[in-house]
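Peer 1: Pasting in a structure now, in structure tokens, and then I'll have a few things to ask.
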Amino acid sequence: MTGTGSRTGRAGAQEAPLAPAARLLPALAAVYRAQLSRARVARIPLLFVATFQSVGIMVLMRGVVDGGAEARAVVAGSSVLVVAFVALNLLAQYFGQLRASGGLDHYATLPVPPAAVVLGAAGAYASFTVPGTVVTAVTGSLLFQLPLTHLWILVAVVPLSGAALAGLGAALGLLAPRPELATLLGQLGMSAALLLGVLPGERLPGPISWARDLLPSTYGVEALARTFDSGPDWAVVALDLAVCGAVGVVSLAVATWAYRRAAVR
Numbered sequence: 023m024t025g026t027g028s029r030t031g032r033a034g035a036q037e038a039p040l041a042p043a044a045r046l047l048p049a050l051a052a053v054y055r056a057q058l059s060r061a062r063v064a065r066i067p068l069l070f071v072a073t074f075q076s077v078g079i080m081v082l083m084r085g086v087v088d089g090g091a092e093a094r095a096v097v098a099g100s101s102v103l104v105v106a107f108v109a110l111n112l113l114a115q116y117f118g119q120l121r122a123s124g125g126l127d128h129y130a131t132l133p134v135p136p137a138a139v140v141l142g143a144a145g146a147y148a149s150f151t152v153p154g155t156v157v158t159a160v161t162g163s164l165l166f167q168l169p170l171t172h173l174w175i176l177v178a179v180v181p182l183s184g185a186a187l188a189g190l191g192a193a194l195g196l197l198a199p200r201p202e203l204a205t206l207l208g209q210l211g212m213s214a215a216l217l218l219g220v221l222p223g224e225r226l227p228g229p230i231s232w233a234r235d236l237l238p239s240t241y242g243v244e245a246l247a248r249t250f251d252s253g254p255d256w257a258v259v260a261l262d263l264a265v266c267g268a269v270g271v272v273s274l275a276v277a278t279w280a281y282r283r284a285a286v287r
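Throughout, the working numbering is defined as the position within the sequence shown, counted from one, plus 22.
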């Protein structure tokens with residue numbers, strides 16, 4: 023009887039159904055809310071630093087730039103730099119520390135799709151950039167006497183640039199072997215966004231201009247800068263935003279692959 027009962031118990035244990043995996047959208051919403059709540063207190067001071075940094079750059083450039091294409095590039099590049107500081111630099115640090123501390127093991131035990139973890143964290147960090155980007159764009163427009171009419175384009179520029187930069191930041195943090203290296207890579211990426219984003223592409227030497235074209239935030243900067251014209255070419259603006267969105271999809275896919283790779287190690 024004892025042997026029969028043991029076999030029956032083992033059979034029942036083997037036949038017990040596993041909990042179903044969470045669907046992508048509900049899991050994404052849950053991760054987004056958790057990350058937003060977790061990072062709200064810690065990231066607000068850093069968002070202030072990012073905004074102050076961008077406004078300071080525009081004030082400094084005001085002494086050497088009077089207007090025209092240079093002014094449009096400075097304002098657009100400084101506005102997107104807020105996104106780069108939070109979505110690229112801070113997200114690389116977060117995932118680098120999460121990997122080093124074993125925090126990925128916690129997510130790996132949950133029935134949550136890897137894409138939901140990456141997208142939820144990226145979305146939460148990118149959300150913090152909205153107030154700073156708006157403040158920077160409005161301040162820069164007033165400082166350089168640019169029209170405020172088409173600043174509604176930030177509704178598209180912020181999420182698309184944020185997705186592209188957040189995916190890159192997450193990938194850097196997950197692929198870096200040490201958290202210190204993840205921090206370094208994130209800061210280098212933000213420096214590239216600073217140096218290559220606030221100057222017009224035609225003023226840069228050939229190789230540096232090519233590097234600018236490879237930077238995910240470039241197309242968001244170009245789209246925003248074009249809307250400061252008196253008669254924006256909306257077809258070109260839409261093309262820049264489409265390229266930015268495509269780069270965002272690719273970078274988030276790479277970040278998801280990097281998460282799977284890091285989680286199984």
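Heads up, the beta-carbon is just placed ideally off N, CA and C, and yes, glycines get one too. What you are looking at is a predicted structure, and each value in this text was computed from that prediction instead of being measured.
To which residues of the same chain is Val-269 closer than 6 Å at the C-beta, ignoring the five residues directly before and after it?
Peer 2: For the purposes of this step, residue 269 is taken as the residue at position 247 of the sequence shown. Cβ within range, chain order: Ala-186 and Pro-238.
Peer 1: Excluding five sequence neighbours on each side, which residues of the same chain lie with their C-beta closer than 7 Å to the C-beta of Gln-115?
Peer 2: What you label residue 115 is simply residue 93 of the sequence shown in a count that begins at 1. Spatial neighbours of Gln-115 in its own chain (CB-CB distance under 7 Å, excluding positions within 5 residues in sequence) are listed in chain order as Gly-195, Ala-204, Thr-205 and Gly-208.
Peer 1: In chain order, what residues of the same chain lie with their CB nearer than 8 Å to the CB of Thr-161, ignoring the 5 residues before and after it?
Peer 2: Position 139 of the sequence shown holds residue 161. Result list for Thr-161: Val-77 and Met-80, in chain order.
Peer 1: Please say whether Ala-245 and Leu-218 have beta carbons closer to each other than 8 Å?
Peer 2: In the sequence shown, residue 218 corresponds to position 196, counting from 1. In the sequence shown, residue 245 corresponds to position 223, counting from 1. Contact flag unset, no.
Peer 1: Once DSSP output is grouped into helix, strand and coil, what is the label at Val-271?
Peer 2: Translated into the one-based positions of the sequence shown, residue 271 becomes position 249. It is helical.
Peer 1: Which ranges would you report for the alpha helix (DSSP H) in the stretch 68-106 if only whole runs of at least 4 residues count?
Peer 2: 90-105
Peer 1: Roughly how many angstroms lie between the CA atoms of Thr-131 and Leu-110, to the nearest whole one?
Peer 2: As a first step, residue 131 is located in the sequence shown; it is residue number 109 there, counting from the start. As a first step, residue 110 is located in the sequence shown; it is residue number 88 there, counting from the start. Here the alpha carbon of Thr-131 sits roughly 26 Å from the alpha carbon of Leu-110.
Peer 1: What is the DSSP secondary structure of Phe-117, counted as helix, strand or coil?
Peer 2: Locating residue 117 in the sequence shown gives position 95, where the first residue counts as 1. Helix, per DSSP.
Peer 1: Going along the chain, which residues of its own chain have a beta-carbon closer than 7 Å to the beta-carbon of Ala-247, five neighbours each way excluded?
Peer 2: One-based indexing of the sequence shown puts residue 247 at position 225. So the qualifying residues of the chain are Arg-94, Ala-95 and Ala-98.
Peer 1: In three-state DSSP terms, what is Val-53?
Peer 2: Mapped onto the sequence shown, residue 53 falls at position 31. Three-state result, Val-53: helix.
Peer 1: Near Ala-285, what residues of its chain come up, given a Cβ to Cβ distance below 6 Å and the 5 sequence neighbours on each side ignored?
Peer 2: Your numbering for residue 285 matches position 263 in the sequence shown. Excluding positions up to five away in sequence, the list reads Leu-126 and Ala-130.
Peer 1: Report the CB separation of Val-140 from Tyr-54 in whole angstroms; it is logged as a contact under 8 Å.
Peer 2: As a working note, residue 140 is residue 118 in the sequence shown. As a working note, residue 54 is residue 32 in the sequence shown. So it is not a contact: roughly 11 Å between Cβ atoms.
Peer 1: Does the beta-carbon distance from Ala-277 to Ala-192 come in below 8 Å?
Peer 2: For the purposes of this step, residue 277 is taken as the residue at position 255 of the sequence shown. For the purposes of this step, residue 192 is taken as the residue at position 170 of the sequence shown. Going by C-beta atoms, Ala-277 is nearer than 8 Å to Ala-192.
Peer 1: What residues in its chain sit with their C-beta under 6 Å from that of Ser-231, if we drop five residues either side in the sequence?
Peer 2: The residue given as residue 231 occupies position 209 in the sequence shown. Within the same chain, Ser-231 has close Cβ partners Gly-223.
Peer 1: What residues in its chain sit with their C-beta under 7 Å from that of Val-183, if we drop five residues either side in the sequence?
Peer 2: Taking the first residue of the sequence shown as position 1, residue 183 is located at position 161. What sits at residue 183 in the sequence shown is Ser, not Val. For Ser-183, where only same-chain residues beyond five positions count, the Cβ hits under 7 Å are Val-102, Val-105, Ser-239, Gly-242 and Cys-266.
Peer 1: Among Met-212, Leu-168 and Pro-229, which one has its Cα closest to the Cα of Gly-253?
Peer 2: Translated into the one-based positions of the sequence shown, residue 253 becomes position 231. Cα-wise, what sits closest to Gly-253 is Leu-168.
Peer 1: For Thr-151, which option in Val-108, Leu-58, Ala-56 and Ala-51 has the closest C-alpha, if you only look at C-alpha atoms?
Peer 2: Counting from 1 along the sequence shown, the entry for residue 151 is found at position 129. It is Val-108.
Peer 1: Excluding sequence positions up to five away, which residues of its chain have a Cβ less than 7 Å from the Cβ of Asp-273?
Peer 2: Taking the first residue of the sequence shown as position 1, residue 273 is located at position 251. Per the sequence presented here, residue 273 reads as Ser, with Asp not at that position. Here the set comprises Ala-186, Gly-189, Leu-190, Ala-193 and Pro-238.
Peer 1: What residues in its chain sit with their C-beta under 6 Å from that of Leu-69, if we drop five residues either side in the sequence?
Peer 2: For the purposes of this step, residue 69 is taken as the residue at position 47 of the sequence shown. Phe-150 and Gly-154, listed in sequence order.
Peer 1: From Arg-84 to Trp-279, what distance separates their C-alpha atoms?
Peer 2: Within the sequence shown, numbered from 1, the residue matching residue 84 stands at position 62. Within the sequence shown, numbered from 1, the residue matching residue 279 stands at position 257. Roughly 43 Å separates the two Cα atoms.
Peer 1: So, using beta-carbon positions, are Ala-146 and Leu-58 closer together than 8 Å?
Peer 2: Counting from one through the sequence shown, the residue named residue 146 turns up at place 124. Counting from one through the sequence shown, the residue named residue 58 turns up at place 36. For Ala-146 and Leu-58, yes; Cβs fall inside 8 Å.
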